[in-house]
Each structure stands twice: as structure tokens, then as C-alpha cells.
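To start, the structure under review is shown below, and the notes come after it.
There are 2 protein chains.
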Amino acid sequence: MTVLATPCAPLEPETVPATIETMLYEFLDGQVRAAADLPELALFTDLLRTMIAAGGKRIRPVLCLVGWQAASDLAPPPAVWRVAASLELFHLFALIHDDIMDASPTRRGKPTAHHRLATHHAGRPDADTLGTNAAILLGDLALGWSYELLHTSHPSPTTEHASRAWPLLNALRTETLVGQYLDLLASGPTPTTLPTVSAACRVIRYKTTKYTCERPLHLGAHLAGAGPDVLAALSAYALPLGEAFQLRDDLLGVYGAPERTGKSVMDDFREGKQTVLAATALARATPAQAHTLHAGLGNPYLTCAEAARMRQIITDTGAQATVENLITERYEQALAVLDHAPLRPPAVAFLRTMAAAVATRTS
Amino acid sequence: MTVLATPCAPLEPETVPATIETMLYEFLDGQVRAAADLPELALFTDLLRTMIAAGGKRIRPVLCLVGWQAASDLAPPPAVWRVAASLELFHLFALIHDDIMDASPTRRGKPTAHHRLATHHAGRPDADTLGTNAAILLGDLALGWSYELLHTSHPSPTTEHASRAWPLLNALRTETLVGQYLDLLASGPTPTTLPTVSAACRVIRYKTTKYTCERPLHLGAHLAGAGPDVLAALSAYALPLGEAFQLRDDLLGVYGAPERTGKSVMDDFREGKQTVLAATALARATPAQAHTLHAGLGNPYLTCAEAARMRQIITDTGAQATVENLITERYEQALAVLDHAPLRPPAVAFLRTMAAAVATRTS
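Chains A and B, in that order, give the protein sequences.
The first sequence begins at -9 in our numbering and counts up by one.
The second sequence begins at -9 in our numbering and counts up by one.
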């Protein structure tokens, strides 16, 4: 196994993505070297490299390292970087399996893993099925590797750090996978239940907030030996911010600029995504408006004109404005926590900037 | 977390399955208790309980413990039992995802996980898709839990044992998943390549032999501190025996009694499985026989009469007899290793009995 990148300078969050990418590339190279008798493995590691190279904010690794920084003035040790990189590999796994479940041909304008694998086998009559099945395996590999990466260590194992990280990583996995199940239940061709705001918030909590914000921050802080007050302050910041993140996502899914978001403004409607935005609009709609929304949500053949009508209804009911207000409320709530939180100043400064970026993002 | 069953009497391999099942049930109960705010998790743990209760030989846990016994006179400590139980949970994961990939409605006469999950959502128009997607998540949970179970320990963590087990568990995972990919490549509606005996053997090696026999034995022996001579002897036993196991499986898939195997004798043909049996028959077939075999392999609409003709051709070419001979050769090879292997007598006695059972099994 190669020596993974082990930066020891004080943390600069903006340098985290490049370091994490290098660690992941080195890890994948190591996998190919270790499995010399299985050259087929390179197909899978190459695909993961392509996914990493396609970009991404590495928000979970960044927050893991900022979580460390919130509780320690020391430079994060290699074990913390490994947990951070592990979170990114877990995220790649989650994306691969999510895209299979959503049958998405593209993500951020690039072909999804199952689509690439189908193309790779284009000569076969069963190329689509084979592509999906191979992508299930690719996700399985990434999930397994996300744990392998944790205990890959040179020169000496850091089992103490690893054993501290496990309970949180285990909770993150269960929450994320059950959150994904809640999301599946709340989507579909013709949702059998009306979306409610509280049900939509619960999906957000597990599928996004805990997974993307709270748990990564906790992991870093916990590895730095943070006490319950620090963890509680990080939760108090992360939970509203994570909700703001997802609420912005829902708005971008309906009103966003596809060239910036990499996502069509038809997808959320066609998938029948039970967002807070849709739930709010439905709760306030006139019977005629509600009829249009119900007919459109989960209709895979929705036309652009129909989508435009739905968008107008969401605006007319005031749901768009309400969700904007929810975002602002949550942004201010997260900021207020930072004013008195027992977190070290460099982390507070970063979290403050990040909150603004999350609340106002356009991509 | 509950105290996992920690037997400390000398090992009696026939008691292993019941202990492993108890450990798994306790572990799953602990998961439900730990996720009190996610009651939906019980759907997934209940399904795993159902799969466990449906039976199984627990061959991987048994071999892990016998591997320990091959290198130590001491009773296996809790950490070894945990690795053994982890192998069974990994196996449940592999079955769940394999059944999705094969689109199998049943396994051993019982509905598969994705089929049960579709039934659970029968009221929805997208029940089949939702069932498959939820089963992908179920497999992901089982894979993650197979690792979580490793470091669940009470009263004290046994990190030394765990860190010894990881490299072998990592290798087992990569080999099994890439082995499954090789199996996917070698199946399909109309295989684009003729099956060859050597390609079929390579699939066996990764998908079955290493995963089912060699690695579990290695894991137990390695945890007992075995040297390279013991590991080499276990490989020399396990590799031919694993091949014999799979070759018997191929014969049972064509000639077996469905009421004993729990599997239709049409499935391997319909899936176009490139077995050693099929490859041998094809290599020896007359042009007319080869035409019949090619037309039938991978034909999902194969009739019973067509399958009977294919079976007759496989017999007539002598392929059935050849595969029986390959099994006998491998069985004798495995037994011969035991005569002079540096393994402790109780393990040798068990491995000898097991070899006979594997070679002659009818279910």
C-alpha cells in the first residue's frame, strides 16, 4: 500500500479537495496493483477516477476537517484525512446506487456510472442490464473501499482513531440508506400519498442534513476529542444549514438554470419528488391548481408547457417565497449558533462563509 | 450494544450455525434499538431475519472457525466468532444483490428479497421497481453491517484481531465482486463468446472457491497466528474442493432434483450460464448438437422439451461423466493434502468429512 498523502501544515479548507482527490487516486491505484490477477478491476477503478475527475465540492471531507479544526489547534493527523476521504468514497457509492434507483442517464451533465458501463458493453444485446448490474457492483466496491481506506495506514495503524470513528460512520450509513428509502417511498410515478411538509422535512433530515453536514462535522470534532458541548453546537449549526441546503436544491430543481445546476428543471416534477416546495404549493392550491400539480407530479411524459404551468402555480401560491423564507430563517439560525458556540475561531470563520454560500448558491 | 454470544468451550463445528444465527439476530436487534427514530429500519432487519431463518449451511462461518482450529488448540475467542458472523452477513449481502442481477424471483424455493419487498409495496403502481431499489439498499445495509459487526465488541474492543482480519476481508470482497462481474460477463441472453473451460474455471475461482472455501479458512487460521505453511496447506485443500463444490453445483443445475436443490433445472440454461459442463459439451458436440446447445443457452423462453434435449446432448458428449471425473480428481487432491498437512487433528478430521460431503452432495 502506498503512503497516503499526509499533510501536516495547518488546515486551509480550500486546499482540502485537491488533497482528498490525490488520496483517492493513490488508493485506487493501490487497489489495481494489489489485484494483479484481476485486470478487470481497472474498469471499475477507472470509472471511479472519472467520477472524481468530473468535479465536486468535496463538502463532506471539508466539513470533517473543519470539524477537527473546530475542536483542535493542531494540524489534522493522517487518520482524520483518511476518515475525510472515506466520506467522499462513501458519497461516490451513494451517487452510483442512487442514479441506478432513479434510472438517471446523466448527473451534472455527464453520463452516470450505469450509463457508462452500458456503453462499455454496447456490443451485447443485454448491454443496459449488464451496465446496471456492473454499476451495482461498482457501488458495492466503493462502499467496501470507503471502509478499507479507513484502516489503510502507513507506517503504523491508527486503530485508536479508527475505533473512535466507527460508531459515527455506522450511524451515518444507516441514516443515509434509510433516508434514501424514505425518498424512494416519497417519489414514484403516481405518489399514493399527498406530500406533507413534515414528511418532506424528515426525508431531508436523513438523506441530506445528517449525511452531508452534521455527521462529517461530528466525525472531525470527535476525532479531535471534542466534548458534548462542541458536538451539540455543531449539530445546532448543521441541522438548519443542511435543511437550507436541501430547500435550495428543491428551488433549483424547479427554478434553477440547467447550465449551472447540471440538472433539467423537469426532473423533480417527472420523478414526483415530494419536496417541501411541492408540499407547500399543494397545501395552498385551489382545487384546479391542485389538480394540475397532482397530474404533473410523477408524470414521466410531462411536457415543457405543463412544467411551466406547474412552476407558475408554485409561484402563485406563494410556495416559492415561503421556501425562500425558510432558507433565510435556517441560514440565520445557523449563523446565530456560531456567535456563541464553543468552537475555535478559524472553524467559525469558515462555517460562517459556508453558510452564506449554501443559502445563496445557484449551482 | 448487546453482548454478542461468546462461546468459550472447545469448538464443535456442528454447533456453529446455531451460534452464528443467534449472534446475527442479536446484532440485528441491536440495530433496531439503536435507530429508534427510524422505525422503517425494522422492515430491513426483519427481511434479513427471514433470510437467515430460511436456512443455510453457514459454510463460511464454519470454515472460518475450522481454520482457527487448524492452527490452535484453544477455544476460538469472540473476535473469531465475529469474523465468522461477518462472513455470513457479507454472504447475505452477496445473495441479495446477486438475485437482483439475475432477476430471480425465488431462491431455494422462497421469494428473494427484492420479490418480498415488491410484495410489501404491492399497493403501488411502481411496486416492482421500488422492491428492487429497496433490495439494493437492503444489500448495502448488510454489506455495511458485515463490517460493523467486526468491531462491535463488549466489554473491550479487540482491535488487534480486527486489524489482522481486514486485509483478508478486503481481498475477499474485491475477489467476490469482480468474480460476480466475470460471471455476469459469462452469462446473458445470447453469449457473444463461446464458453471455454479455462474461462469457466476462472469464474469459479473468484466467485466461489476463494470466497466460500479458501478465504474463510485463511481468516480463522490467520487470527490464530498461523504461519505461511498452514495457510498454504489450507489453500491446497480449499482450491480443489471449492472447484469440486462449484462443478457439483453445475451438475445439480442440469441434473439435480429440484425438490432437493430448490432450483429449477431450467435456470442455468435459461441464464446462459457458461459452466465447465456447458463448455465441455460444446467443445465435443457435433455441429448439430452445438447448434441445439447454442440456441438453448441464454434463451429465457426455453421449453422443458428443449431443455431435455440439451441435457441428453450433455450426457451423450460425455461432458457429464467428464465433470464427475473432475470432481473426483479434485476431491482426491484435497484429501491427499490433508494426509501430510501441518494442521491440527480435529480440523483435519472435519475437513476430511466435509470434502466427502461437498463432492457427493445432492442439495
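Glycine included, C-beta positions come from ideal geometry on N, C-alpha and C.
Note that the coordinates shown come from a computational prediction; the quantities given were computed from them, not determined experimentally.
No Cβ of chain A is located within less than 8 Å of the beta carbon of T307/B. A residue is called buried when at least 16 other Cβ atoms come within 10 angstroms of its Cβ; C203/A meets this threshold and is buried. Contact check for L241/A and E30/B: beta-carbon distance about 27 Å, past the 8 Å limit, so the pair fails to qualify. For the 8 Å CB-CB criterion, A268/A and T166/A do not form a contact.
Here the alpha carbon of G243/B sits roughly 10 Å from the alpha carbon of Q236/B. Residue environment for D258/B: buried (at least 16 other C-beta atoms within 10 angstroms of its C-beta). Between M41/B and chain A, the shortest Cβ-Cβ separation is not below 8 Å.
D329/B sits exposed, since fewer than 16 C-beta atoms from the chains shown fall within 10 Å of its C-beta.
Taking a Cβ-Cβ threshold of 8 Å, none of the residues of chain A is close to V193/B; the smallest such distance is about 11 Å.
Contacts with chain B at 8 Å (Cβ-Cβ) do not include D257/A. Contact annotation: the segment 56 to 75 of chain A touches the segment 0 to 13 of chain A, with at least three C-beta pairs closer than 8 Å. Within the model, the alpha-carbon separation for A60/B versus L140/A is close to 31 Å.
In the three-state scheme derived from DSSP, where H, G and I count as helix and E and B as strand, R48/A is classed as coil. Non-local beta-carbon contacts of D92/B in its own chain, meaning distances under 7 Å to residues more than five positions away in sequence, involve E261 in chain order. In this structure, the beta-carbon distance from G169/A to V193/A falls below 8 Å. When Cβ-Cβ separations below 8 Å define contact, T5/A makes no contact with chain B. For D130/A, the chain B residues whose C-beta falls within less than 7 Å of its own C-beta are H87, L133 and L167, listed in chain order.
With a threshold of 8 Å between beta carbons, Q170/A makes contact with chain B. Between the alpha carbons of W71/B and A32/B lies a distance of about 25 Å. Taking C-beta atoms as the reference points, V313/B and V187/B fail to come closer than 8 Å. L209/A is not a Cβ neighbour of A103/A, given a cutoff of 8 Å. S136/B is positioned such that its CB atom lies closer than 8 Å to that of L79/B. The residue among D19/A, K100/A and I49/A with its C-alpha nearest the C-alpha of K253/A is K100/A. In its chain, beyond the 5 residues on either side, L37 have a beta carbon closer than 7 Å to the beta carbon of R106/B. Using a Cβ-Cβ cut-off of 7 Å, A124/B is close to Y171 and L174 of chain A, given in chain order.
D116/A places its beta carbon 8 Å or farther from that of G286/B.
When DSSP states are grouped into helix, strand and coil, K100/A belongs to the strand group. Counting of Cβ neighbours within 10 angstroms places G129/A among the buried residues, the total reaching 16 or more. The beta carbon of A223/B is closer than 7 Å to those of V327, A331, P332 and L333 in its chain, skipping five residues each way along the sequence. One finds N160 in chain A with Cβ atoms closer than 7 Å to the Cβ of E138/B, taken in chain order. Of the residues E2/B, P68/B, R23/B and F17/B, the one whose Cα lies closest to the Cα of V56/B is E2/B. For G246/A, no alpha helix (DSSP H) encloses it, and the DSSP letter there is neither H nor E.
Close partners of E30/B in chain A (Cβ separation under 7 Å): V168, Y171 and L172. By the rule that beta-carbons nearer than 8 Å mark a contact, T164/A touches chain B. Listed in chain order, the non-local C-beta contacts of P248/B below 8 Å within the same chain comprise S254 and V255, local neighbours out to five positions each way being set aside. No Cβ-Cβ contact shorter than 8 Å links L131/A with G134/B.
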